[in-house]
Amino acid sequence: MDDQKFIQKAVDLALENAKSGGRPFGAVIVKDGKVIATGVNQIKLTNDPTAHAELSALREAGKALASPNLENCVVYASGQPCPMCLAAMRMAGINCVFYAFSNQDAEPFGLSTEHIAQILRVPPESQQEFTFVQVKPNHNHDLYEVWRNKQID
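Given below as structure tokens:
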């Protein structure tokens, strides 16, 4: 029954955001049955194309837990998360997501991201109208070795 409570909170956040002029998306991140972060879509407010509700909530969860590792957290989203948000969740270690409204629900309003998901199923170098080329630097610095040598943990 907690899933219903948390999904309702995500939808309520989305509704309030829509009423104040934002896009109708909200997200809640829960760990051990407790809300640790929330977010709403702030693309219009910030002109930041990455200001999705889920990403905002992920940022807040990382701060709340003092870690980028969000394993054992659950995401509740008002809408089906887009590929960018799904990738970020997976990179953060999240393996459970609940959502209220699907891409099909969002399609009539121009809010579905299914077309982007379909494009991303094609390797980047094969995507139409997209340039994806590796260019090696002039100097072959050991960038990743420098990083590895500076790691504390």
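So for the sequence shown, the UniProt record's numbering puts the first residue at 1; every next one is plus one. Heads up, the beta-carbon is just placed ideally off N, CA and C, and yes, glycines get one too.
- DSSP, read as helix, strand or coil, puts F25 in coil.
- Among the bridge pairs identified by DSSP, F101 is matched with G79.
- Taking a 10 Å sphere around the C-beta of T131, we find fewer than 16 other C-beta atoms and assign the residue as exposed.
- Counting along the chain, V146 sits inside no beta strand (DSSP E); it lies in the alpha helix (DSSP H) bounded by residues 143 to 150.
- With a contact defined as Cβ atoms closer than 8 Å, Q8 and G22 miss out at about 19 Å.
- The three-state reading of DSSP puts K9 in helix, counting H, G and I together.
- For H52 against C85, the beta-carbon gap comes to about 5 Å, under 8 Å, which counts as contact.
- Judged by DSSP in its simplified three-state form, A53 adopts helix.
- Residue state for G62 is assigned as helix, using DSSP reduced to three classes.
- For I43, the uninterrupted alpha helix (DSSP H) segment begins and ends at 43 to 46.
- Q80 and S102 do touch by the CB rule: their CB atoms are close to 5 Å apart, below 8 Å.
- The Cβ atoms of G26 and A37 lie no closer than 7 Å to each other.
- A Cβ-Cβ distance of about 7 Å is found for the pair Y76 and V30, placing them in contact under the 8 Å criterion.
- For S56 against A14, the beta-carbon gap comes to about 12 Å, at or over 8 Å, which does not count as contact.
- About 16 Å separates the CB atoms of E60 and G93; that is not less than 8 Å, and the two are not in contact.
- In this structure, the alpha-carbon of C82 lies about 34 Å from that of K150.
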